[in-house]
Amino acid sequence: MIALVSTAIVFAGLTFAIVNAPGWPQVHQAFFNGHRFRADFPDIAKAFLLNVKIFAISEAIILPLALFVAVLRSLPGPVFFPIRALAIAYVDIFRGIPTILLILLLGFGAPSLNLSWLPAGEVFWATTALVVVYTAYVSEVYRAGIESVHPSQEAAARALGLTRLQGLRYVILPQAVRRVIPPLLNDFIGLQKDTALVSVLGVIDALHQADIDSAATFNFTPYVAAAVLFVATTIPLTRLTDWLVSRERAQRQAAGVAV
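Just add 23 to wherever you are in the sequence shown, counting from 1, and you've got the numbering used here.
Laid out in structure tokens, this is it:
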């Protein structure tokens, strides 16, 4: 009850301060115009479907591809050093390049090669750039999960007669993936927001549609409409992440009590 009352007081105070600011009428008209919101929201919501499509396709590719990169980087022994080096170079390079810069490089550079077998669509190259960048990030999440599994697990698998590959598949990876689900969801929340970067290639997504509507009406309310759509999509993922973290913590505590 105390938390609820204190939160209500804080938000009421902030609302009072904002509404009574000298420039509030101008801000309200420019950013929170109800008429413009109702008029522009349908077109922005329709364009937002492209953001959702890019997100869904990218996520479906990133999950297995990042796991493959993480496994390559975790291969032991000197014989696999060249493979590990390539995986490390991939992660270092594409984690270091800003996402928007890679979208521009691929979106404008690759079609300029004029190769008949190479797709020229902006959506394809924007999605490719997101996949390349987020695969590098997610592979590190997977690798952290793999390394968090105690070496005795692999030793036990080998003692049971499993090969190294079988031990990785049936013993190490199931534990590793389960442990990294919350940080994976956090990365995909970032991916959902970064789909707005495809607008730099002229793709009509939610952000670009908001740009068009704002330029036509000299009003910034369309940006608020686009922001509402992104928030409405990411909040459920955020709450799911919190729930998974709480459940994992409860399971660890229960296991500790049992021991």
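All C-beta atoms, glycine included, are put in the ideal place defined by N, C-alpha and C.
Selection from the options that minimises the alpha carbon distance to residue i
i, options, result
"Thr244", "Ala44, Asn56 and Ile41", "Asn56"
"Ile212", "Trp148, Ser29 and Glu82", "Glu82"
"Arg272", "Val226, Asp210, Leu230 and Arg201", "Arg201"
"Val92", "Thr158, Lys216, Arg262 and Gln198", "Thr158"
"Glu170", "Trp47, Gln198, Ile85 and Ala233", "Gln198"
"Glu145", "Val172, Val221 and Leu98", "Val221"
"Ala258", "Ile80, Lys216, Ala233 and Ala277", "The sequence given here places Ile at residue 258; Ala does not occur at that position. Taking only the C-alpha atoms, the option nearest Ile258 is Lys216."
"Pro65", "Val254, Ala233 and Ser269", "Ala233"
"Ser269", "Val50, Ser97, Pro205 and Ala149", "Pro205"
"Thr256", "Gly119, Val28, Val172 and Leu214", "Leu214"
"Pro99", "Glu163, Glu177 and Lys69", "Glu177"
Whether residue i touches residue j by CB criterion (8 angstroms)
i, j, result
"Leu129", "Thr151", "yes"
"Leu260", "Leu208", "yes"
"Asn74", "Thr218", "yes"
"Ile126", "Val247", "no"
"Ala249", "Ile67", "yes"
"Leu124", "Ala133", "no"
"Arg59", "Thr240", "yes"
"Asp236", "Asp115", "no"
"Ile85", "Val161", "yes"
"Asn242", "Ala53", "yes"
Integer Cβ distance of residue i from residue j, believed to fall under 8 angstroms
i, j, result
"Arg107", "Leu95", "7 angstroms"
"Phe71", "Ala238", "Incorrect: roughly 18 angstroms between the Cβ atoms, too far for contact."
"Val194", "Gly168", "About 13 angstroms; that fails the 8 angstroms criterion."
"Tyr165", "Leu90", "5 angstroms"
Buried/exposed call for residue i, threshold 16 Cβ in 10 Å
i, result
"Ala44", "exposed"
"Phe117", "buried"
"Ala179", "exposed"
"Val156", "buried"
"Trp148", "buried"
"Arg110", "Reading off the sequence, residue 110 comes out as Ala, not Arg. Buried."
"Thr30", "exposed"
"Thr186", "exposed"
"Thr38", "exposed"
"Val254", "exposed"
"His173", "exposed"
"Asn119", "The sequence given here has Gly at residue 119, not Asn. Flag for Gly119 reads exposed."
"Leu188", "exposed"
"Gly46", "exposed"
"Gly190", "buried"
"Val50", "exposed"
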